[in-house]
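Working notes, structure below.
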Amino acid sequence: MKELGTVAIQLIRFAIYAVVHVLLISRLVLFDLGWCFFYLGFLLFLPLGTPIVVQLLLSFVMGLTMDIFYDTGGLHAAAALLLGYLRPWVLRLLTPRDGYDAQDSVNVHQMGWQWFAVYLLLLVLIHHVTFFVLELGSFQHFGQTLGKILTSVLFTSLALLIVQLLFFPVRRGRQ
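Residue numbers for the sequence shown follow the UniProt record's numbering, beginning at 1 and rising by one.
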C-alpha cells in the first residue's frame, strides 16, 4: 500500500513539473540566450532509492513529453535520458562517508549546500551540453552555443534551488 502512495505522489510531481514548465517557465528567456529547463527538477529530485530502470523510464517519458509540446524531435528525451543514466553515477561519486539513509531524498537542507551545488550543477551541465550540442548538430557556432549552455545552466540551477528552498522541508535536529 505504501508503494502505491509513493507512485501516486511521483505521478503528481511529474504532472506538476511538466505543467508548470509548459505553461509558465518555458516562456521565460534570459537575453535570448538562456532557457530554464524546469522539468529537470522532477528527475533531479527523485528519491535516492529510485531504481535505475525506473529513473530511465521516467527520464524518457518526461523528455518525450517536452518533445511533444515543443516539437523538438527527441532532443529533450535524449538529454533527459542521459541525465537519468548518469544520475546514479553522480550520486555514487558524491556519497557521504556514512552513506545515504534509505529515507533520504535530494534535499539541500539534508545534504548541505556543497553537496547540492555539485550535484545540481554537474547534472544540469551534462543535460544542457547534450541538449544544445544535439540541437546545433555541429560545432560551427561554438561560442554562441557555449553562451547558451552557461546561461541556461545558471538559470535552470537557480530556479531549481529556489524550488528546493521554498518547497522542500528543512532538516530537523536529531532528538
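Ideal placement from N, C-alpha and C gives every residue a C-beta, glycine not left out.
query, result
"CB phenylalanine 139 to CB alanine 79, shorter than 9 Å?", "no"
"Provide the residue span of the alpha helix (DSSP H) that contains proline 88, from first to last.", "75-93"
"To the nearest angstrom, report how far apart leucine 33 and leucine 150 are at their CA atoms.", "9 Å"
"Just the Cα atoms here: how many angstroms apart are valine 107 and phenylalanine 45?", "The sequence shown places asparagine at residue 107, rather than the valine named in the question. When rounded, the distance between both Cα atoms is 7 Å."
"Any beta carbon of chain B sitting closer than 9 Å to that of phenylalanine 132?", "Considering every chain present, this structure includes no chain B. It has just one protein chain."
"Expressed to the nearest angstrom, what Euclidean distance is found between the alpha-carbon atoms of histidine 128 and leucine 4?", "33 Å"
"Grab the span of the alpha helix (DSSP H) containing isoleucine 68 for me, first residue to last.", "52-70"
"Inspect the beta-carbon positions of methionine 66 and alanine 15 and report whether they are closer than 9 Å.", "no"
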